[in-house]
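Participant: One structure is given below, represented as structure tokens, and several questions about it will come after.
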Amino acid sequence: MPAPTSNGISRTPARTPRLRVSGRGLWITFLLVPPVVVMALFVIYPIFSALAYAFYDWQGLARGDFVGFANFEKVLFQQPFAATTWNAFKNNIFVFFALMIIQNGLGFILAYALWRDLPGARFHRIAVFLPVVLSTVIIGYVWKLFFHPIFGAVNQLLKAVGLGSLATPWLGDADTALNALIFVNAWAWVGFPTLVFLAGLQRIPSEILDAARMETDSELTLIRRVIWPLIAPSATVCFVLLFIGSFNWFELPYIMVGLDGSPYGNTDVLGLYFYRTAFGNQSAGIQDFGMGSALAVLMFLFIAVVATSWTIYLRKREIEV
Amino acid sequence: MSMESRYDKPGLLGTYGRDGLMQIILIANTVLMLFPIAIMVMSGFKSNIEIFQDPFSIPDFTNVTNFVAMATETAFMRYLLNSVLVTGASIFLLLTLGLMAAYAIARYEFWGSSFLLLFFMAGLMVPLKLAIIPLFILFRDMGILNTHWALIAVYTAMGLPSTVFIMTGFIRTLPRELEDAARMDGASEFRIMVSVMIPLCRPAMVIAGIYNLVPIWNDFFFPLVFIQNDALKTLPQGMTSFIGEYATDWGVMFAGLTLAAAPITIIYIVLSKQFINGMTAGAVK
Numbered sequence: 001m002p003a004p005t006s007n008g009i010s011r012t013p014a015r016t017p018r019l020r021v022s023g024r025g026l027w028i029t030f031l032l033v034p035p036v037v038v039m040a041l042f043v044i045y046p047i048f049s050a051l052a053y054a055f056y057d058w059q060g061l062a063r064g065d066f067v068g069f070a071n072f073e074k075v076l077f078q079q080p081f082a083a084t085t086w087n088a089f090k091n092n093i094f095v096f097f098a099l100m101i102i103q104n105g106l107g108f109i110l111a112y113a114l115w116r117d118l119p120g121a122r123f124h125r126i127a128v129f130l131p132v133v134l135s136t137v138i139i140g141y142v143w144k145l146f147f148h149p150i151f152g153a154v155n156q157l158l159k160a161v162g163l164g165s166l167a168t169p170w171l172g173d174a175d176t177a178l179n180a181l182i183f184v185n186a187w188a189w190v191g192f193p194t195l196v197f198l199a200g201l202q203r204i205p206s207e208i209l210d211a212a213r214m215e216t217d218s219e220l221t222l223i224r225r226v227i228w229p230l231i232a233p234s235a236t237v238c239f240v241l242l243f244i245g246s247f248n249w250f251e252l253p254y255i256m257v258g259l260d261g262s263p264y265g266n267t268d269v270l271g272l273y274f275y276r277t278a279f280g281n282q283s284a285g286i287q288d289f290g291m292g293s294a295l296a297v298l299m300f301l302f303i304a305v306v307a308t309s310w311t312i313y314l315r316k317r318e319i320e321v
Numbered sequence: 001m002s003m004e005s006r007y008d009k010p011g012l013l014g015t016y017g018r019d020g021l022m023q024i025i026l027i028a029n030t031v032l033m034l035f036p037i038a039i040m041v042m043s044g045f046k047s048n049i050e051i052f053q054d055p056f057s058i059p060d061f062t063n064v065t066n067f068v069a070m071a072t073e074t075a076f077m078r079y080l081l082n083s084v085l086v087t088g089a090s091i092f093l094l095l096t097l098g099l100m101a102a103y104a105i106a107r108y109e110f111w112g113s114s115f116l117l118l119f120f121m122a123g124l125m126v127p128l129k130l131a132i133i134p135l136f137i138l139f140r141d142m143g144i145l146n147t148h149w150a151l152i153a154v155y156t157a158m159g160l161p162s163t164v165f166i167m168t169g170f171i172r173t174l175p176r177e178l179e180d181a182a183r184m185d186g187a188s189e190f191r192i193m194v195s196v197m198i199p200l201c202r203p204a205m206v207i208a209g210i211y212n213l214v215p216i217w218n219d220f221f222f223p224l225v226f227i228q229n230d231a232l233k234t235l236p237q238g239m240t241s242f243i244g245e246y247a248t249d250w251g252v253m254f255a256g257l258t259l260a261a262a263p264i265t266i267i268y269i270v271l272s273k274q275f276i277n278g279m280t281a282g283a284v285k
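Those sequence lines, one after another, are chains R and V. Going by our numbering, the first residue of the first sequence is number 1, and it counts up by one from there. Going by our numbering, the first residue of the second sequence is number 1, and it counts up by one from there.
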């Protein structure tokens, strides 16, 4: 039997025996069908269904009549739902900007410090990434206990160093609750932008740096004019992933402040509101798949449109080295 | 590396001043990262009174009553086993299916192959959490709601795009000579894949495996929605039960959190290089 060429079927000469060709077609089909079916069934179909479900009225788990845009109108414009939606959206935006400054900003500084390869850099690198591999549930509970008004480590530490007057019920106070959550998120995730930026820095060719150092004595100028533009691809990744993460925020507030975004909705975000709407909670046990789907579709569209256009914009300023 | 040119020019603060500042920043940050984790571990060895009166003291590390209570009086071991089962099955399936798809796309030329790659890539962009309602209804109709299969199905699907992405890129770099030689010897396509190509793919499988291991092992959202039966809960989800149960016993809670953090922390410390490469794989081309 003639062995087929190595180049795959499209380049297989027409003279190759038909049995062999269809055998190869079967083989490729066998390889592709299971993964494609899994993707179609558990990713593509649910995404499109979510879109369709938003246009129906739901009684519990049973789909009712087609209602057009009524669910969207409810969550966006009809009280009391609209007030919750916009309050949650506002909090998501605040979380995103705060983390952009704290998490990505600190990540860049730490990456720069690690890049200088000072003694102990390896150890610092392992330490900064450790919380990234831990479950949000563990991190959320540990910090919830630390933030306890009386027995928590945070207030105890403040008292121990003579700053007891600053002690406050961090998670119960409307002024501090969201900031405390943002702090914990930054603590847990700062290792990710750090290592993405570090990988970018390590890929800068040393000739470019040496040439640039001939031109300027100021490291700050060097960072602004040479290093930052050269690690633009890392920045794109950190910015866009943080954006997607901020608008999908759910686990940390769920564990630390509960499903209602207490106190008084000060920590409410779209993820929590979506979950409450779709699956109910103790205080308002009604579940509404229609409104939940409408929220999911709006969040999905918002994330997809902003993330895509922002990626395109950020990619444009990237330079190929 | 031209280390000299980096160090022989005085900068804003003078090079040594700047490196000193950087070293201080790194040390301060490492303390901030590790101190809370150390407090968590140490509190696991303390009683309530010790935690409340002396939160930062070094405990008696031979006093393991809290850990024994956690391991014997709660369903901790059950949750741990469930997590191992679900994560293991998901990683096995997503690596197998991902390898099949990537192998076909990278190794054979056929009509629609680039479209297929795009089809998988699109999955990278989709936050599957937002499709939780249709998934819930789909699993109810399939009769696998409240079973581990629901989790395995969703994790496998969630992990496929990144696996296909990582593996396709890797397989394309493998030389064709080996498989050509095997083909000359009359080996079947199946044999070539299993005995020649798969062993070569191991590095990429490690990367793809770790990239998916951490989010699957740590996931809380999907079990929260799909699993009600306490005996089937995974570790992150089960933690909410035993934290609720021991809400007044801080020592036991900290012991439980420490135990729950232990498996992935140990693997991470042993394989830190692979973890860091794996988890930033999608971000760093």
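Glycine included, each C-beta is placed from N, C-alpha and C at the ideal position.
(1) Is there at least one Cβ from chain R nearer than 7 Å to Y246 of chain V's Cβ?
(2) Under the three-state reduction of DSSP, which class applies to M1 of chain R: helix, strand or coil?
(3) Roughly how many angstroms lie between the CA atoms of V270 of chain V and A261 of chain V, to the nearest whole one?
(4) Determine the extent of the alpha helix (DSSP H) in which G164 of chain R is found, giving its start and end residues.
(5) So does the segment 123-135 of chain V actually touch the segment 39-49 of chain R, counting three or more Cβ pairs closer than 8 Å?
(6) Contact defined as beta carbons within less than 8 Å: I believe L160 of chain V pairs with L117 of chain V. What is the distance between those atoms, to the nearest angstrom?
(7) For A62 of chain R, write down the residues that DSSP places opposite it in a beta bridge.
(8) By the 8 Å beta-carbon criterion, what residues does the segment 109-136 of chain V contribute toward chain R?
(9) In terms of alpha-carbon separation, which member of V:N277, V:T258 and V:P263 lies closest to A38 of chain V?
(10) Flag this pair as touching only if the segment 224-241 of chain V and the segment 72-81 of chain V have three or more C-beta atom pairs under 8 Å; answer yes or no.
(11) Here's the rule: buried if 16 or more other CB atoms are within 10 angstroms of the residue's CB, otherwise exposed. What is F92 of chain V?
(12) Quick one: is K316 of chain R buried, meaning 16 or more other Cβ sit within 10 Å of its Cβ, or exposed?
(13) Buried or exposed for L166 of chain R, going by 16 or more other Cβ atoms inside 10 Å?
(14) Taking the straight line between their C-alpha atoms, what separation do you get for L97 of chain V and P34 of chain R?
(15) In chain order, what residues of the same chain have a beta carbon less than 6 Å from the beta carbon of T29 of chain R, not counting five sequence neighbours either side?
(16) Please confirm if P55 of chain V has its CB atom under 7 Å from at least one CB of chain R.
(17) Excluding the 5 residues preceding and the 5 following F275 of chain V in the sequence, name in chain order all residues of the same chain whose CB lies nearer than 7 Å to its CB.
(18) DSSP three-state label for E109 of chain V, please.
(19) Tell me which residues share the same chain as P10 of chain V and place their Cβ nearer than 6 Å to its Cβ, disregarding the 5 neighbours each side in the sequence.
(20) Would I39 of chain V count as contacting chain R if we go by Cβ distances under 7 Å?
(21) If we cut at 7 Å on Cβ distances, does I231 of chain R have a partner in chain V?
(22) According to DSSP, is A281 of chain V part of a helix, a strand, or is it coil?
(23) Using alpha carbons as the reference points, say which of R:W143, R:G265 and R:T136 lies closest to P80 of chain R.
(24) Return no unless some Cβ of chain R is closer than 7 Å to the Cβ of L12 of chain V.
(25) Output the distance between the C-alpha atoms of T311 of chain R and I144 of chain V, rounded to the nearest integer angstrom.
(26) For M214 of chain R and E207 of chain R, I'd like the C-alpha separation in whole angstroms.
(27) At what residue ranges does the segment 44-116 of chain R contain a whole run of the alpha helix (DSSP H), taking only runs of 4 or more?
(28) Take V164 of chain V as the anchor and find which of V:A208, V:M33, V:L32 and V:E245 has the nearest alpha-carbon.
(29) On a Cα-Cα basis, can you pick out the residue from V:F226, V:I166 and V:V86 that is closest to F139 of chain V?
(30) Using a Cβ cut-off of 7 Å (strictly closer), state whether L134 of chain R contacts chain V.
(31) Report back the beta-carbon spacing between L132 of chain R and W189 of chain R to the nearest angstrom; my notes put them in contact at under 8 Å.
(32) Determine, using beta carbons only, whether G172 of chain R comes closer than 7 Å to chain V.
(33) When burial is assigned at 16 or more other CB atoms within 10 Å of the CB, is L26 of chain R buried or exposed?
(34) Run down chain V in chain order and give the residues with a C-beta less than 8 Å from the C-beta of Y141 of chain R.
(35) How many angstroms separate the CA atom of F52 of chain V from the CA atom of I216 of chain V?
(36) Could you name the residues of the same chain whose beta carbon sits closer than 6 Å to that of R172 of chain V, not counting the 5 residues immediately before and after it, in chain order?
Facilitator: Taking the definition as stated:
(1) Chain R, which has no Cβ nearer than 7 Å to the Cβ of Y246 of chain V, makes this no.
(2) Unreliable positioning characterises M1 of chain R in this predicted model, as indicated by a pLDDT of 38, which lies under 50. The coordinate reading is nonetheless provided below. Under the three-state reduction of DSSP, M1 of chain R is assigned to coil, being neither helix nor strand.
(3) In a straight line, the C-alpha of V270 of chain V is about 15 Å away from that of A261 of chain V.
(4) From DSSP, G164 of chain R is part of no alpha helix (DSSP H); its letter is neither H nor E.
(5) Yes, the segment 123-135 of chain V touches the segment 39-49 of chain R.
(6) About 12 Å separates the beta carbons of L160 of chain V and L117 of chain V, which is beyond the 8 Å limit, so they are not a contact pair.
(7) Within the DSSP secondary-structure output, A62 of chain R pairs in a beta bridge with R:Q59.
(8) Within the segment 109-136 of chain V, those residues whose Cβ lies closer than 8 Å to any Cβ of chain R are, in chain order, E109, F110, W111, L116, F119, F120, G123, M125, V126, P127, L128, K129, L130, A131, I132, I133, P134 and L135.
(9) Minimum Cα distance to A38 of chain V is reached at V:T258.
(10) Three or more pairs of CB atoms, one per stretch, sit closer than 8 Å, so the segment 224-241 of chain V contacts the segment 72-81 of chain V.
(11) Around the Cβ of F92 of chain V, a 10 Å sphere holds fewer than 16 other Cβ atoms; the residue is exposed.
(12) Result: exposed.
(13) Exposed, since its Cβ has fewer than 16 Cβ neighbours within 10 Å.
(14) L97 of chain V and P34 of chain R have their C-alpha atoms spaced approximately 7 Å apart.
(15) Cβ neighbours of T29 of chain R beyond the five flanking positions: none.
(16) Chain R contact via Cβ: present.
(17) Excluding positions up to five away in sequence, the list reads I210 and Y268.
(18) Three-state DSSP puts E109 of chain V in coil, outside helix and strand.
(19) Low confidence applies to P10 of chain V: its pLDDT is 49, below 50, so where it sits in the model is not reliable, and the reading given next is rough at best. Setting aside the 5 residues that flank it on each side, P10 of chain V has no residue in the same chain whose C-beta is closer than 6 Å to its C-beta.
(20) I39 of chain V counts as touching chain R.
(21) When Cβ-Cβ separations below 7 Å define contact, I231 of chain R makes no contact with chain V.
(22) Note: A281 of chain V maps to coil in three-state DSSP.
(23) P80 of chain R has its Cα closest to that of R:G265, out of R:W143, R:G265 and R:T136.
(24) Low confidence applies here, because L12 of chain V scores a pLDDT of 49, under 50, leaving its location unreliable and the question unanswered by this model.
(25) One C-alpha to the other measures close to 38 Å.
(26) When only Cα atoms are considered, M214 of chain R and E207 of chain R end up about 11 Å apart.
(27) Entirely contained in the segment 44-116 of chain R, the alpha helix (DSSP H) runs reaching 4 residues are, in chain order, 45-53, 70-77, 81-99 and 105-115.
(28) Measuring from the Cα of V164 of chain V, the nearest candidate turns out to be V:A208.
(29) Looking at the Cα atoms, V:F226 is the closest of the given residues.
(30) Yes, L134 of chain R lies at the interface with chain V (some Cβ there is under 7 Å from its Cβ).
(31) Here the sequence assigns Val to residue 132 of chain R, which means Leu is not the residue at that position. About 6 Å; that satisfies the 8 Å criterion.
(32) With 7 Å as the cut-off, G172 of chain R does not count as an interface residue toward chain V.
(33) With fewer than 16 other Cβ atoms within 10 Å, it is exposed.
(34) Going along chain V in sequence order, the residues near Y141 of chain R (Cβ under 8 Å) are M239, I243, M253 and L257.
(35) Each residue's alpha carbon lies about 35 Å from the other.
(36) Here the set comprises A106.
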